[in-house]
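Visitor: Top to bottom, those sequences are chains A and B.
Just so it is clear: in the first sequence, position 362 is 362 by my numbering, and no numbers are missing.
Just so it is clear: in the second sequence, position 169 is 169 by my numbering, and no numbers are missing.
Structure incoming, see below.
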Amino acid sequence: MAAPMSSVGKPSAERSPFNTTSFQKKTRSKLISIPGTRPSVQNGQLLVSTGVTSLDYLLGGGLAVGTVLLIEEDRYDSYSRMILKYFLAEGVVCRHELFVAAAQDNPDDILQELPAPILDDVAIPKPVEQPRLSVEPQDSLDAMKIAWRYQNLPKVQSALASSSRFGHYYDVSKTMEPEIRQAAKCHRFYLPEQPTHSSPTHSMRLESYSALLKSLQEVIHREGFDVAAPMSKSRNILRIGLHSLGSALWGDDLCCHDKPRNSRALTTFLYGLRALLRSSLSVAVVTLPSHLIQDRALMGSITRLCDNAIALESFKGSERETNPLYKDYHGLLYVRQVPHLNCLASKLPDHKDLAFKLKRKQFTVERLHLPPDLSETVSRVSRGELAAAATAASAASACGSGSSGNKHLDF
Amino acid sequence: MYTELNSILNTTPDSFTKGEFILVSDRQSDASFLVHHFLSLYLRARCRVLFLGLVQSFNHYSAISQRMGVSLAQAKEKGQLVFLEGLNESLSVLIPQETDTGSQAMDFLRDPSVGLKSLYEFVRSSLSSTGEGREGADDTEEWGPPVVLVDDLTVLDFSHYCRATVCSQLQGNVVMLTRCDGEEEEEDEGDDEGPERLLKGLTHQCSLTLHVRGLPYWLLHFLRDVIEVQVEVRWRRRQADGQYTQNKLFQYKVHDKGASFFARGTSSAVL
Chain A
1 MAAPMSSVGK PSAERSPFNT TSFQKKTRSK LISIPGTRPS VQNGQLLVST
51 GVTSLDYLLG GGLAVGTVLL IEEDRYDSYS RMILKYFLAE GVVCRHELFV
101 AAAQDNPDDI LQELPAPILD DVAIPKPVEQ PRLSVEPQDS LDAMKIAWRY
151 QNLPKVQSAL ASSSRFGHYY DVSKTMEPEI RQAAKCHRFY LPEQPTHSSP
201 THSMRLESYS ALLKSLQEVI HREGFDVAAP MSKSRNILRI GLHSLGSALW
251 GDDLCCHDKP RNSRALTTFL YGLRALLRSS LSVAVVTLPS HLIQDRALMG
301 SITRLCDNAI ALESFKGSER ETNPLYKDYH GLLYVRQVPH LNCLASKLPD
351 HKDLAFKLKR KQFTVERLHL PPDLSETVSR VSRGELAAAA TAASAASACG
401 SGSSGNKHLD F
Chain B
1 MYTELNSILN TTPDSFTKGE FILVSDRQSD ASFLVHHFLS LYLRARCRVL
51 FLGLVQSFNH YSAISQRMGV SLAQAKEKGQ LVFLEGLNES LSVLIPQETD
101 TGSQAMDFLR DPSVGLKSLY EFVRSSLSST GEGREGADDT EEWGPPVVLV
151 DDLTVLDFSH YCRATVCSQL QGNVVMLTRC DGEEEEEDEG DDEGPERLLK
201 GLTHQCSLTL HVRGLPYWLL HFLRDVIEVQ VEVRWRRRQA DGQYTQNKLF
251 QYKVHDKGAS FFARGTSSAV L
């Protein structure tokens, strides 16, 4: 976002796309003043990590400060919730402030479930290393031992990763220790706990959404995330996590009806959210049960009001779960929209077939591709064995004599 | 301003048709790069420009225009450009404060029944006031006909009023961006949802349409470094012998500082 950039003290002349040269190292180091952020290589936007390294890569290096990431939930909201937790956990590790809003679970519960960071880099919360252009050290490390004439060929790499390290890794099987968690300042918004006002209801706004917007604005003003705020103390980033917006628990009927009564409530809210974020040092992740929303035109305008949009489709409960093609993955990920901020050309990911998997220590997004069938010989052997076994069994039942070389049915 | 597009549309900053209503629309793609084109074109043509930036901040437009060689901040200072930053204005409406200082232009967010009249009033007053104010003051700068640019109109539909005033009374131009999504259904029935209907209605009124649409998925996959999508240009002119329309189709590629257009299949990388 341009506005937050200028507040960090970046002269406007430097918004050129050529920030990648090493000549500008000095200004870049001045920019790094907020821990857990880095400027984008493409357009110099200030970025924060989503907590999922490969997702950062997909979104062009990270989430630009002042933007919204929309996550269309998978059917059981398990993986989208996981990404939301990664995003919040990354904020805790980077000492950002958090704002969690939910209608379903208490935000405290969400916070308690944050995954534990893998500790080597948490002990010293040092600023994230800067993106470097030099690639020599890695090259010399994994130089090929055999077939050296192929070593200049690019490696076939399905994992998506950028050259520099940005963001942290988390262990999903453990939850974050309370000390680390409590070090971060966190603001909560739990809809059932909100006092209900009996203000006149408008057809374009829902009370829940306007209460949320109001409380967000209060936090932003009070804690000095405003761009216009005086640069008195060191600036920080506010990470906003909004869980399951648009679901019935927010009092919205988007998901319940074909022709929702207050269909403009959520879009109006998102418009206000964008307005808030554009003028503050904050970044939001919104999850939305989009599979429940019938109206495609509405979904389109919701997507456009967010800056980044991704959709998750998990294999759980679908027949794809048993499809051998997808056996390595837990679901598919679609990139619906990437923003163009302060530049004409946006950077779409160069690959559109993406899948994700959740391992114990890492949530990864990868290119979906058919792996070379290395197991071919093995499977052929087993099929042969099966055939042999079948004939042997029939032979055995027919004549009662043991067959010669079959190890399964050797009597 | 993309010179190639100018030659396609047969316009230059020095000579362009007045009283035109240009509709920029897209489907499964993004046509906002064309808005930047028209913004810089009309600023260079020394028109008074009123820009209703509803979806992006002023900074966004200013940063891009800078790269295209036009300074929005300067134009704003000189009074050539009036920029309504919808995002800023809307906050005061969405989060009511005791001291409500926001302008009336975004009132439609508060209550839909009010309609967009207030926004239209804003447009009219700012266009006429800049004109009159200039005349009275020391007239160092003489601005050409007024231009209204609207970015992402998907929420609004006040274009009709605007067209009536701006195009016919003031001999100015209107440029609007609207967006719709979803596939074009083969059996095009029952598909009269909001944006679609808006698009149809506007297409009916406008004199020049630029419709940007995505390539089919498989093509996109191969050509993504070469071409992005295609743009369909459709003129509608009224002449003495009635009205005729003319269609042209181009493919384009957006670069960092502009865009290049070419006839279908004639990209250098394809040939």
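Where a beta carbon is used, it is the ideal one built from N, C-alpha and C, also for glycine.
Please read these numbers as outputs of a predicted model, since none were measured by experiment.
Does the beta carbon of Ile-8 of chain B sit closer than 8 Å to a beta carbon anywhere in chain A?
Guide: Working through the second sequence from its first residue, we reach residue 8 of chain B at position 8. No, because no Cβ of chain A sits closer than 8 Å to the Cβ of Ile-8 of chain B.
Visitor: Around the C-beta of Lys-253 of chain B, are 16 or more other C-beta atoms found within 10 angstroms, so that it is buried, or is it exposed?
Guide: Position 253 of the second sequence, counted from the start, is the residue given in the question as residue 253 of chain B. Buried, because 16 or more other Cβ atoms sit within 10 Å of the Cβ of Lys-253 of chain B.
Visitor: Counting only runs of 4+ residues fully inside the region 8-70 of chain B, write out the alpha helix (DSSP H) ranges in chain order.
Guide: 32-44 and 58-67
Visitor: Taking only beta-carbon atoms, is Phe-16 of chain B less than 8 Å away from chain A?
Guide: Position 16 of the second sequence, counted from the first residue, corresponds to residue 16 of chain B. No, because no Cβ of chain A sits closer than 8 Å to the Cβ of Phe-16 of chain B.
Visitor: Grab me the residues of Gly-86 of chain B's own chain with a C-beta within less than 8 Å of its C-beta, minus the 5 sequence neighbours each way, in chain order.
Guide: Working through the second sequence from its first residue, we reach residue 86 of chain B at position 86. Counting only Cβ-Cβ distances below 8 Å, and skipping sequence neighbours, we find Leu-52, Gly-53, Leu-54, Val-55 and Met-106.
Visitor: Between A:Asp-74, A:Pro-39, A:Gly-66 and A:Pro-117, which has its C-alpha nearest Ser-290 of chain A's C-alpha?
Guide: Within the first sequence, numbered from 1, the residue matching residue 290 of chain A stands at position 290. The shortest Cα separation from Ser-290 of chain A among A:Asp-74, A:Pro-39, A:Gly-66 and A:Pro-117 belongs to A:Asp-74.
Visitor: Taking the alpha-carbon of Cys-343 of chain A as reference, which of A:Val-283, A:Val-41, A:Gly-36 and A:Ile-34 has the nearest alpha-carbon?
Guide: The count along the first sequence starts at 1 and reaches residue 343 of chain A at position 343. For the set A:Val-283, A:Val-41, A:Gly-36 and A:Ile-34, the Cα lying nearest the Cα of Cys-343 of chain A is the one of A:Val-41.
Visitor: How many Å lie between Leu-23 of chain B and Gly-224 of chain A at the Cα?
Guide: Position 23 of the second sequence holds residue 23 of chain B. Position 224 of the first sequence holds residue 224 of chain A. Leu-23 of chain B and Gly-224 of chain A: Cα-Cα distance of roughly 41 Å.
Visitor: For Val-68 of chain A, write down the residues that DSSP places opposite it in a beta bridge.
Guide: One-based indexing of the first sequence puts residue 68 of chain A at position 68. Bridge partners of Val-68 of chain A: A:Ala-284.
Visitor: I'd like to confirm the pairing. Which residues does DSSP put opposite Thr-37 of chain A in its beta bridges?
Guide: As a working mapping, residue 37 of chain A is identified with position 37 in the first sequence. Note: Thr-37 of chain A sits in a beta bridge opposite A:Val-48.
Visitor: Does the Cβ-Cβ distance between Ser-80 of chain A and Leu-312 of chain A come in under 8 Å?
Guide: Along the first sequence, one-based indexing puts residue 80 of chain A at 80. Along the first sequence, one-based indexing puts residue 312 of chain A at 312. Cβ atoms of Ser-80 of chain A and Leu-312 of chain A: closer than 8 Å.
Visitor: Is the shortest distance between the beta-carbon of Gln-24 of chain A and the beta-carbons of chain B less than 8 Å?
Guide: Start at 1 with the first residue of the first sequence, and residue 24 of chain A comes out as number 24. Its pLDDT being 44, under 50, Gln-24 of chain A is placed unreliably by the model, and the measurement read from it follows with that caveat. For Gln-24 of chain A, the answer is no, since every Cβ of chain B falls outside 8 Å of its Cβ.
Visitor: Could you tell me which residues DSSP pairs with Leu-81 of chain B in its beta bridges?
Guide: Numbered from 1 along the second sequence, position 81 holds the residue referred to as residue 81 of chain B. In DSSP, Leu-81 of chain B forms a bridge with B:Val-49.
Visitor: Arg-222 of chain A CB to nearest chain B CB: under 8 Å?
Guide: Residue 222 of chain A sits at position 222 when you count from the first residue of the first sequence. No - not a single Cβ of chain B is within 8 Å of the one on Arg-222 of chain A.
Visitor: Closer than 7 Å by C-beta to Arg-360 of chain A: which residues in its own chain qualify, once you throw out the five before and the five after it? Chain order, please.
Guide: Against the first sequence, residue 360 of chain A aligns to sequence position 360. Spatial neighbours of Arg-360 of chain A in its own chain (CB-CB distance under 7 Å, excluding positions within 5 residues in sequence) are listed in chain order as Asp-171, Val-172 and Ser-173.
Visitor: Mind checking which residues open and close the alpha helix (DSSP H) that includes Thr-303 of chain A?
Guide: Reading the first sequence from its first residue, position 303 is the one you call residue 303 of chain A. Its alpha helix (DSSP H) spans residues 296-305.
Visitor: Skipping 5 residues on each side, what residues in its chain have a beta carbon closer than 6 Å to that of Tyr-329 of chain A?
Guide: Position 329 of the first sequence, counting from 1, holds the residue named residue 329 of chain A. If we look at Tyr-329 of chain A and ignore the five residues flanking it on each side, its Cβ neighbours are Ala-355 and Lys-357.
Visitor: Taking only beta carbons into account, state which residues of the region 267-285 of chain A come closer than 9 Å to chain B, listed in chain order.
Guide: Thr-267, Thr-268, Phe-269, Tyr-271, Gly-272, Arg-274, Ala-275, Leu-276, Arg-278 and Ser-279
Visitor: Is the Cβ of Leu-341 of chain A closer than 8 Å to any Cβ of chain B?
Guide: Within the first sequence, the letter at position 341 stands for residue 341 of chain A. Output row for Leu-341 of chain A: interface = yes.
Visitor: Within 8 Å of any Cβ in chain A, is that where the Cβ of Glu-184 of chain B sits?
Guide: Translated into positions along the second sequence, residue 184 of chain B becomes position 184. Any reading at Glu-184 of chain B must be qualified, since the residue scores a pLDDT of 36, below 50, and its modelled position is unreliable; the value itself is stated next. Glu-184 of chain B does not count as touching chain A.
Visitor: Does DSSP put Asn-308 of chain A in a helix, in a strand, or in coil?
Guide: Start at 1 with the first residue of the first sequence, and residue 308 of chain A comes out as number 308. Three-state DSSP puts Asn-308 of chain A in a strand.
Visitor: When you compare only the Cα positions, how much space is there between Phe-99 of chain A and Ala-284 of chain A?
Guide: Here residue 99 of chain A refers to the residue found at position 99 of the first sequence. Here residue 284 of chain A refers to the residue found at position 284 of the first sequence. Going by the C-alpha atoms only, they are around 9 Å apart.
Visitor: Ordered along the chain, which non-local residues of its own chain (more than five positions away) have a Cβ less than 7 Å from that of Asp-226 of chain A?
Guide: If you number the first sequence from 1, residue 226 of chain A lands on position 226. Cβ within range, chain order: Ile-220, Ser-279 and Ser-280.
Visitor: Which residue from A:Val-93, A:Leu-245, A:Met-176 and A:Ile-240 puts its Cα closest to that of Ile-293 of chain A?
Guide: Numbered from 1 along the first sequence, position 293 holds the residue referred to as residue 293 of chain A. The residue with the shortest Cα to Cα distance from Ile-293 of chain A is A:Leu-245.
Visitor: First and last residue of the beta strand (DSSP E) that includes Gly-331 of chain A?
Guide: Translated into the one-based positions of the first sequence, residue 331 of chain A becomes position 331. Note, Gly-331 of chain A: beta strand (DSSP E), 331-337.
Visitor: Considering only the alpha carbon of each residue, which of A:Cys-186, A:Pro-39 and A:Pro-192 lies closest to Glu-97 of chain A?
Guide: Reading the first sequence from its first residue, position 97 is the one you call residue 97 of chain A. Of the listed residues, the one whose Cα sits closest to Glu-97 of chain A is A:Cys-186.
Visitor: Can you look up Ile-240 of chain A in the DSSP assignment and give me helix, strand or coil?
Guide: Here residue 240 of chain A refers to the residue found at position 240 of the first sequence. If DSSP states are grouped into helix, strand and coil, Ile-240 of chain A belongs with the strands.
Visitor: Would you call the CB atoms of Phe-189 of chain A and Pro-107 of chain A closer than 8 Å?
Guide: To locate residue 189 of chain A, count along the first sequence from 1; it is residue 189. To locate residue 107 of chain A, count along the first sequence from 1; it is residue 107. The answer is yes: Cβ separation under 8 Å.
Visitor: Buried or exposed for Gly-258 of chain B, please, with buried defined as at least 16 other CB atoms from any protein chain shown within 10 angstroms of its CB.
Guide: Residue numbering aside, residue 258 of chain B sits at position 258 when the second sequence is read from its first letter. Buried: at least 16 other Cβ atoms inside 10 Å.
Visitor: Applying a beta-carbon distance threshold of less than 7 Å, which residues of chain A neighbour Leu-87 of chain B?
Guide: In the second sequence, residue 87 of chain B corresponds to position 87, counting from 1. Those within 7 Å of Leu-87 of chain B in chain A are Arg-274, Ala-275 and Arg-278.
Visitor: Check the Cβ-Cβ distances between Ala-75 of chain B and every residue of chain A, and say whether any is below 8 Å.
Guide: Here residue 75 of chain B corresponds to residue number 75 of the second sequence, with the count starting at 1. Output row for Ala-75 of chain B: interface = no.
Visitor: Would you report the Cα separation of Tyr-57 of chain A and Glu-20 of chain B, rounded to the nearest angstrom?
Guide: To locate residue 57 of chain A, count along the first sequence from 1; it is residue 57. To locate residue 20 of chain B, count along the second sequence from 1; it is residue 20. Rounded to whole angstroms, Tyr-57 of chain A to Glu-20 of chain B spans 43 Å at the Cα level.
Visitor: So, under 8 Å CB-CB, Tyr-169 of chain A and Ile-237 of chain A are touching, yes? Tell me the CB distance rounded to an integer number of Å.
Guide: Working through the first sequence from its first residue, we reach residue 169 of chain A at position 169. Working through the first sequence from its first residue, we reach residue 237 of chain A at position 237. No, Tyr-169 of chain A and Ile-237 of chain A are not in contact; Cβ-Cβ is about 20 Å, not under 8 Å.
Visitor: What is the DSSP secondary structure of Ser-80 of chain A, counted as helix, strand or coil?
Guide: In the first sequence, residue 80 of chain A corresponds to position 80, counting from 1. In the structure shown, Ser-80 of chain A sits in a helix (DSSP, three-state: H, G or I).
Visitor: Report the rounded CA-to-CA distance for Thr-50 of chain A versus Thr-3 of chain B, giving the unit in angstroms.
Guide: Mapped onto the first sequence, residue 50 of chain A falls at position 50. Mapped onto the second sequence, residue 3 of chain B falls at position 3. C-alpha separation (whole angstroms): 40 Å.
Visitor: Applying the criterion that 16 or more other CB atoms from any shown protein chain within 10 Å of the CB defines a buried residue, is Ser-282 of chain A buried or exposed?
Guide: Taking the first sequence and counting its residues from 1, the one referred to as residue 282 of chain A is at position 282. That one is buried.
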